[in-house]
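Protein chains in written order, with our numbering: chain V, 1 to 231; chain L, 232 to 722.
For each residue, glycine too, the CB sits at the ideal point set by N, CA and C.
Quick notes on the structure that follows.
Spelled out as structure tokens, the structure:
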């Protein structure tokens with residue numbers, strides 16, 4: 001379970017995040033919408049322990065990130081906007097390497113299974129990631145996140161630059177992960193995908209979380225209007 | 232999903248596995264990097280050239296000097312009968328043996344003399360340095376094993392390691408690595424382990440090839456002489472590469488701009504390798520200037536002027552010496568002495584001049600030592616200089632090893648001249664003919680000059696400052712990385 005309580009962050013006098021309070025329960029997918037500089041990525045970085053909050057806290061399964069980021073990172077998986085990984089290694093090798101870093105040692109069959117679960121075609125498993133499209137790399141990123149068996153998954157603009165078919169594939173995987181009980185927080189610009197994939201949506205502006213709406217209670221058009229009115 | 236979680240593994244084993252995982256991954260990436268295998272091949276070709284040319288040069292020069300030594304020994308043994316005093320003036324010529332490890336590091340050998348004429352009454356300089364017989368291009372430096380180890384490989388380390396963390400940071404992979412549970416400290420240390428293992432393995436391989444080549448080309452008898460020194464050379468360069476790799480990776484971890492990082496690292500390499508060594512050598516020479524050859528000769532002449540002179544019987548000190556000898560033997564004339572005074576007088580003259588020479592020459596050595604200390608202490612800001620000096624010391628080619636040869640040659644000269652003077656002192660000897668000339672049997676009694684190179688502990692004793700500075704660099708480098716890495720910002 002993910003909780004942000006009165007979370008604030010300022011750099012050199014600039015308030016990047018201002019008293020954000022948010023909860024993502026098991027099986028929930030929360031999308032944070034907002035323009036560049038709204039504080040979405042800062043929220044993710046604070047949740048991973050890459051930044052220390054100026055005030056407030058992030059809890060992952062009730063453990064405070066800034067006090068024990070080693071423990072909370074074990075429970076958190078992260079998928080960035082661009083999953084570059086190591087282009088000299090194959091998808092299988094990248095997954096093997098990164099899952100070992102997370103403390104897991106999988107058999108070759110298990111690694112193949114994770115890549116397949118992330119919808120990466122079988123013939124791509126043994127190919128070097130350097131030859132992959134963005135969508136294929138993203139799938140390896142998802143496989144890494146799945147293999148970590150984390151309770152919380154944080155995604156930063158995961159569908160940016162993906163074609164509609166790849167975005168749809170991605171959304172299906174996210175839904176499946178939510179069904180498995182993961183708490184998923186996605187920072188995105190993609191309003192339509194947000195409605196499609198999430199259970200709740202937050203709209204941010206200048207470091208503040210101004211609205212939180214349930215996806216089932218809002219249509220894409222209404223969300224778009226609310227978003228445009230807010231920013 | 233079949234999974235084996237390693238959470239129950241003991242902490243240290245888990246940490247070690249973690250480091251090995253990152254390091255092994257890094258080595259695979261390095262091996263598969265575009266053009267890397269070609270680069271390695273080119274490096275191996277250069278290494279092969281350095282090994283073959285170095286050992287071949289050893290064989291050529293060693294054979295040449297051994298042949299000359301044998302021929303001079305023959306001449307010495309079969310010289311015409313002559314008085315011991317005259318033989319002292321003819322003297323003998325000795326050569327500095329070509330050290331096997333000159334193939335690794337030429338040190339000062341290109342610029343120091345290799346041949347000394349040993350004669351009575353004077354200490355001649357070593358002459359015929361290799362540089363004096365070659366084109367001026369040698370001043371720009373030959374491509375040798377030491378250039379490869381000291382200049383090329385560190386440059387290669389910079390080019391290979393500089394992107395190791397900054398690239399991961401720029402493309403977002405660093406965040407994934409850290410979110411998977413790797414701390415930046417572990418990541419930095421694991422990458423250091425990876426690259427250090429790779430370059431040390433390369434170092435061991437090329438030194439092993441060199442060792443093998445010595446065994447094949449020169450003979451197995453040569454191997455015990457160089458084994459210890461080669462092991463220390465491996466340790467020395469492994470430590471240096473450890474420092475260069477650690478600093479490169481640390482800078483990669485704190486850098487934000489890839490081109491800026493490369494420029495900075497290349498600037499450091501240039502300052503360490505090219506600028507500072509020349510600057511500190513000049514600083515040493517300015518701080519502790521050496522007297523000129525003319526001043527040296529003038530000082531010797533002025534010091535000798537007031538001393539006993541074996542060739543000037545009117546000299547007050549010579550007269551006093553003769554009187555003391557006559558008194559000691561309770562005789563009133565030289566003819567009544569039971570030995571030839573001339574031989575005794577010549578030996579006394581020799582000892583006086585030896586003392587004067589030792590005094591003036593020890594001042595020069597002290598000055599050179601002080602000059603060297605300036606560059607040794609400059610190692611505090613430039614580890615390259617201490618590595619360069621230790622490399623020369625371990626290869627027996629630094630200035631102290633040259634002094635060691637000069638001392639051995641001088642000591643042989645003194646023994647030779649004493650033998651001649653002693654023989655000259657005898658009124659009758661089995662080796663002398665009726666005209667007082669010594670025969671071939673006498674020359675055969677005199678052992679030839681066999682230079683025994685300085686042992687390894689002696690070399691290390693002369694490099695205490697450099698060893699201390701190198702360990703200081705290691706300690707400070709890894710201390711800074713250990714303490715500062717957790718404070719490096721991730722985003």
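Just the Cα atoms here: how many angstroms apart are residue i and residue j?
i	j	result
residue 332 (chain L)	residue 359 (chain L)	20 Å
residue 312 (chain L)	residue 666 (chain L)	10 Å
residue 164 (chain V)	residue 95 (chain V)	25 Å
residue 377 (chain L)	residue 434 (chain L)	12 Å
residue 211 (chain V)	residue 221 (chain V)	16 Å
residue 97 (chain V)	residue 256 (chain L)	7 Å
residue 245 (chain L)	residue 254 (chain L)	14 Å
residue 498 (chain L)	residue 270 (chain L)	22 Å
residue 176 (chain V)	residue 197 (chain V)	10 Å
residue 70 (chain V)	residue 146 (chain V)	19 Å
residue 370 (chain L)	residue 612 (chain L)	Only weak support is given to the placement of residue 370 (chain L): the predicted model assigns it a pLDDT of 49, under 50, and the question is left unresolved by the model.
residue 6 (chain V)	residue 56 (chain V)	5 Å
residue 300 (chain L)	residue 639 (chain L)	16 Å
residue 394 (chain L)	residue 426 (chain L)	12 Å
residue 64 (chain V)	residue 47 (chain V)	9 Å
residue 252 (chain L)	residue 390 (chain L)	23 Å
residue 664 (chain L)	residue 574 (chain L)	16 Å
residue 388 (chain L)	residue 447 (chain L)	31 Å
residue 218 (chain V)	residue 713 (chain L)	52 Å
Taking buried to mean at least 16 other C-beta atoms within 10 Å of its own C-beta, is residue i buried or exposed?
i	result
residue 581 (chain L)	buried
residue 3 (chain V)	buried
residue 379 (chain L)	buried
residue 278 (chain L)	buried
residue 306 (chain L)	exposed
residue 503 (chain L)	buried
residue 17 (chain V)	buried
residue 706 (chain L)	exposed
residue 264 (chain L)	exposed
residue 381 (chain L)	buried
residue 474 (chain L)	buried
residue 586 (chain L)	exposed
residue 374 (chain L)	exposed
residue 315 (chain L)	buried
Along the chain, where does the alpha helix (DSSP H) that runs through residue i open and close?
i	result
residue 285 (chain L)	267 to 308
residue 193 (chain V)	191 to 197
residue 706 (chain L)	695 to 715
residue 326 (chain L)	No alpha helix (DSSP H) holds residue 326 (chain L); the beta strand (DSSP E) holding it covers 323 to 326.
residue 127 (chain V)	Taken as a continuous stretch (DSSP letters only), residue 127 (chain V) belongs to no alpha helix (DSSP H), as it is neither H nor E.
residue 100 (chain V)	91 to 101
residue 383 (chain L)	Element bounds for residue 383 (chain L): n/a, residue is neither H nor E.
residue 617 (chain L)	614 to 625
residue 174 (chain V)	164 to 179
Could you please give the first and the last residue of the uninterrupted beta strand (DSSP E) stretch that includes residue i?
i	result
residue 202 (chain V)	200 to 205
residue 607 (chain L)	Note, residue 607 (chain L): premise wrong, no beta strand (DSSP E); alpha helix (DSSP H) at 572 to 608.
residue 430 (chain L)	Counting along the chain, residue 430 (chain L) falls outside any beta strand (DSSP E), though it belongs to the alpha helix (DSSP H) covering 415 to 448.
residue 350 (chain L)	346 to 350
residue 60 (chain V)	55 to 60
residue 672 (chain L)	From DSSP, residue 672 (chain L) is part of no beta strand (DSSP E) but of the alpha helix (DSSP H) over 671 to 676.
residue 106 (chain V)	104 to 106
residue 5 (chain V)	2 to 11
residue 18 (chain V)	14 to 24
residue 183 (chain V)	183 to 188
Using a Cβ-Cβ cut-off of 8 Å, state whether residue i counts as contacting chain C.
i	result
residue 487 (chain L)	In summary, chain C is missing from the structure at hand, where the protein chains are V and L.
Name the DSSP beta bridge partners of residue i, please?
i	result
residue 77 (chain V)	V:153
residue 211 (chain V)	V:203
residue 64 (chain V)	V:59
residue 663 (chain L)	L:669
Say whether the segment 643 to 650 of chain L touches the segment 407 to 415 of chain L, bearing in mind that this needs 3 or more beta-carbon pairs closer than 8 Å, one atom from each stretch. Between the segment 643 to 650 of chain L and the segment 407 to 415 of chain L, the count of Cβ pairs shorter than 8 Å is below three; the stretches do not touch.
Determine contact between the segment 587 to 602 of chain L and the segment 553 to 563 of chain L, defined as no fewer than three beta-carbon pairs at a distance below 8 Å. Taking 8 Å as the limit for Cβ pairs, the verdict is that the segment 553 to 563 of chain L does not touch the segment 587 to 602 of chain L.
Determine, using beta-carbon pairs with one atom in the segment 281 to 295 of chain L and one in the segment 458 to 478 of chain L, whether at least three such pairs fall under 8 Å. Because the criterion of three Cβ pairs below 8 Å is not met, the segment 281 to 295 of chain L and the segment 458 to 478 of chain L do not touch.
At least three beta-carbon pairs within less than 8 Å, the segment 627 to 641 of chain L to the segment 322 to 342 of chain L: Taking 8 Å as the limit for Cβ pairs, the verdict is that the segment 322 to 342 of chain L does touch the segment 627 to 641 of chain L.
For the 8 Å Cβ check, are there 3 or more pairs between the segment 19 to 28 of chain V and the segment 695 to 704 of chain L? With the cut-off at 8 Å, the segment 19 to 28 of chain V and the segment 695 to 704 of chain L do not touch.
Counting pairs of Cβ atoms below 8 Å between the segment 652 to 661 of chain L and the segment 313 to 321 of chain L, do you hit three or more? As far as the Cβ criterion goes, the segment 652 to 661 of chain L touches the segment 313 to 321 of chain L, which means the pair count is three or higher.
Count Cβ pairs between the segment 109 to 124 of chain V and the segment 72 to 79 of chain V that sit closer than 8 Å; are there 3 or more? Touching, no.
Inter-stretch contact (C-beta, 8 Å, three-pair minimum) for the segment 37 to 44 of chain V and the segment 177 to 191 of chain V: Yes: at least three Cβ pairs fall under 8 Å.
Are the segment 557 to 571 of chain L and the segment 486 to 501 of chain L touching, with three or more C-beta to C-beta distances below 8 Å? They do not touch, by the three-pair rule.
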